[in-house]
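Chains as they are written, first to last, in my numbering: chain S, 1 to 197; chain G, 1 to 197. Here's the structure we're looking at; comments come further down.
Below you can see the structure in the form of structure tokens.
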């Protein structure tokens with residue numbers, strides 16, 4: 001019904017997260033109707049990103065320079081490393097502007113179900129970094145999911161013989177959260193970790 | 001937080017229909033993690049489409065050849081033209097494999113609210129085509145929305161002095177539809193257009 005060029009564009013768009021065949025067709029038409037203002041700039045931006053963006057050899061963040069802008073920034077505290085699962089988590093922390101140390105991106109979590117073992121994650125380099133004299137603390141900021149927690153425990157074990165304090169994010173009621181809508185696990189964690197007023 | 005290349009990619013992705021800033025970030029990371037298998041092929045497919053795909057000068061369909069594959073296909077009946085709002089509607093009819101005539105894409109609907117008048121739509125060429133001796137019927141397949149219906153009525157008036165029969169799609173209960181879930185307008189149309197068993 002359509003030419004092979006359009007079909008191929010739709011097929012590739014349908015492989016993006018959150019898009020199916022129907023929304024891929026919609027996106028393809030949207031792009032083809034906006035050739036100059038959207039389709040060509042987006043194609044150029046993708047080509048540009050594909051050529052220039054690469055993982056940072058130190059922390060695993062994605063950037064056009066290596067080491068990445070965060071690892072290369074002398075204003076950032078080199079004594080504290082925040083371990084995250086994915087670059088998306090690093091971006092989330094950076095958007096919040098709450099952390100001034102360095103990061104380490106694991107590239108996933110341990111998962112028996114998906115066959116992801118320690119050798120599949122960016123763990124060896126983390127241990128190397130944790131042994132550097134300048135590093136005093138490793139904050140494990142994996143997700144509060146089963147796999148994230150398993151990975152956090154594994155990392156804690158592996159980091160035990162490095163001379164660093166290993167910490168994790170606090171669990172509790174999210175700011176703005178209503179107790180009535182929270183799950184039992186969160187409530188239990190919040191009660192257990194209660195603080196003096 | 002990220003390089004200008006990644007920021008620009010995210011900004012452009014966020015302008016696609018159905019994507020917001022959050023899902024654009026997700027898509028960008030998905031692409032950057034799959035450089036060879038997805039990012040580069042998609043950039044190439046977009047560049048390719050931007051260069052080759054164009055509207056058909058006869059019917060307004062999008063294709064890499066002009067006239068488009070449908071207009072150029074000698075097996076398709078030239079005596080019947082199906083008028084649709086957008087290329088997406090043409091694709092929907094083609095997917096259903098139910099129509100063997102030619103199409104005419106209006107490029108939208110009349111809309112007083114959005115300031116779309118007859119001169120903004122592909123109407124003049126439609127009248128030219130309808131006056132050709134070979135054309136005997138024009139099926140108006142605009143959407144069953146207020147704007148689609150307004151456009152259909154306007155087209156019927158304009159086509160009155162062409163020597164063609166002007167028809168429209170039937171209204172009624174959609175196949176598989178349950179009466180309990182249908183709106184009053186559809187039920188009224190279905191009752192009014194009832195047929196002998």
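For every residue, glycine included, the Cβ atom is placed at its ideal position computed from N, Cα and C.
Checklist line | Limits of the unbroken alpha helix (DSSP H) element including residue 123 of chain S | finding: Looking at the DSSP string, residue 123 of chain S is not in any alpha helix (DSSP H), and its letter there is neither H nor E.
Check: The beta strand (DSSP E) spanning residue 165 of chain S covers which residue range?
Finding: 165-168
Margin query: Looking at residue 48 of chain S: is its Cβ nearer than 8 Å to the Cβ of residue 5 of chain G?
Written below: Yes, Cβ-Cβ distance for residue 48 of chain S and residue 5 of chain G is below 8 Å.
Notebook entry, point to check: What does a CB cutoff of less than 7 Å around residue 164 of chain S pick up in its chain, not counting 5 residues either side in sequence?
Noted result: 130, 135, 136, 137, 138
Check: Nearest-angstrom Cα distance between residue 58 of chain G and residue 28 of chain S?
Finding: 21 Å
Check: With burial defined as no fewer than 16 other Cβ atoms inside 10 Å of the residue's Cβ, what is the status of residue 72 of chain S: buried or exposed?
Finding: exposed
Notebook entry, point to check: Under a three-way DSSP split, which group does residue 10 of chain S fall into?
Noted result: DSSP places residue 10 of chain S within a helical segment (H, G or I) once states are collapsed to three.
Notebook entry, point to check: If you count every other CB in all the chains shown that lies within 10 Å of the CB of residue 153 of chain S, and 16 or more means buried, which is it?
Noted result: Exposed, since its Cβ has fewer than 16 Cβ neighbours within 10 Å.
Next item on the list: Run the CB neighbour count on residue 65 of chain S, radius 10 Å, all protein chains shown included, and call it buried at 16 or more, exposed below.
Entry: exposed
Check: Less than 8 Å separating the beta-carbons of residue 175 of chain S and residue 190 of chain S?
Finding: Going by C-beta atoms, residue 175 of chain S is not nearer than 8 Å to residue 190 of chain S.
Next item on the list: Please list the residues of the segment 142-163 of chain S that have a C-beta atom closer than 7 Å to any C-beta atom in chain G, keeping them in chain order.
Entry: none
Notebook entry, point to check: Is there a Cβ from chain S that is less than 8 Å from the Cβ of residue 111 of chain G?
Noted result: For residue 111 of chain G, the nearest beta carbon of chain S is not closer than 8 Å to its own beta carbon.
Check: Would you say residue 35 of chain S and residue 88 of chain G are within 8 Å of each other, going by their C-beta atoms?
Finding: no
Checklist line | Residue-chain proximity (residue 81 of chain G, chain S), Cβ-Cβ < 8 Å | finding: no
Next item on the list: Find the nearest neighbour of residue 167 of chain G within the set G/185, G/96, G/142, judged by alpha-carbon distance.
Entry: G/142
Note to self: Under DSSP, the alpha helix (DSSP H) around residue 82 of chain G begins and ends at which residues?
What the structure shows: Here residue 82 of chain G belongs to no alpha helix (DSSP H); instead the beta strand (DSSP E) covers 80-84.
Next item on the list: Measure from the C-beta of residue 50 of chain S to each C-beta in chain G and report whether the shortest distance is under 8 Å.
Entry: True, the Cβ-Cβ gap to chain G drops below 8 Å.
Notebook entry, point to check: Roughly how many whole angstroms lie between the Cα atoms of residue 178 of chain S and residue 186 of chain S?
Noted result: 11 Å
Check: Can you list the residues of chain S that residue 17 of chain G reaches, using a CB-CB cut of under 7 Å?
Finding: 26, 27, 30
Check: What does residue 38 of chain G touch in chain S if you count any residue whose Cβ is under 9 Å from its own?
Finding: 12, 15, 16
Item checked: Whole-angstrom C-beta distance between residue 182 of chain S and residue 147 of chain S, which should lie under 8 Å -> Between residue 182 of chain S and residue 147 of chain S the Cβ distance is about 21 Å, and since that is not below 8 Å, they are no contact.
Notebook entry, point to check: Going along chain G, which residues have a C-beta under 8 Å from residue 185 of chain S?
Noted result: Simply none; closest approach about 25 Å.
Margin query: To the nearest angstrom, how far is the alpha carbon of residue 3 of chain S from that of residue 41 of chain G?
Written below: 17 Å
Next item on the list: Take residue 43 of chain G as the anchor and find which of S/55, S/13, S/37, S/60 has the nearest alpha-carbon.
Entry: Checking every option, the nearest Cα to that of residue 43 of chain G belongs to S/13.
Next item on the list: Using a cut-off of 8 Å between C-beta atoms, extract the partners of residue 117 of chain S located in chain G.
Entry: By Cβ distance, chain G contributes nothing, its closest Cβ being about 19 Å from residue 117 of chain S, past 8 Å.
Next item on the list: May I have the straight-line CA-CA distance separating residue 55 of chain G from residue 93 of chain S, to the nearest angstrom?
Entry: It is roughly 45 Å from the alpha-carbon of residue 55 of chain G to the alpha-carbon of residue 93 of chain S.
Next item on the list: Return the chain-ordered list of same chain residues with a C-beta closer than 8 Å to the C-beta of residue 121 of chain S, the five sequence neighbours on each side being excluded.
Entry: 106, 107, 108, 109, 110, 151
Notebook entry, point to check: Leaving out five residues before and five after residue 9 of chain G in sequence, what residues of the same chain have Cβ atoms less than 6 Å from its Cβ?
Noted result: 28
Next item on the list: Could you tell me which of G/67, G/53, G/101 sits nearest to residue 76 of chain G, measuring between CA atoms?
Entry: G/101
Note to self: Please report the distance separating the alpha-carbon of residue 37 of chain S from that of residue 169 of chain S.
What the structure shows: 43 Å
Check: Under a three-way DSSP split, which group does residue 90 of chain S fall into?
Finding: Of the three classes helix, strand and coil, the one that applies to residue 90 of chain S here is helix, per DSSP.
Margin query: My output table needs one value for residue 110 of chain S: the three-state DSSP class, helix, strand or coil.
Written below: In this structure, residue 110 of chain S counts as coil in the three-state DSSP scheme.
Check: Just to confirm, are residue 18 of chain S and residue 79 of chain G a CB contact at a threshold of 8 Å?
Finding: Residue 18 of chain S places its beta carbon 8 Å or farther from that of residue 79 of chain G.
Margin query: With a threshold of 8 Å between beta-carbons, can residue 198 of chain S be considered close to chain G, or not?
Written below: Any property of residue 198 of chain S remains undetermined from this structure, which presents chain S solely from 1 to 197.
Note to self: For residue 158 of chain S and residue 180 of chain S, I'd like the C-alpha separation in whole angstroms.
What the structure shows: 38 Å
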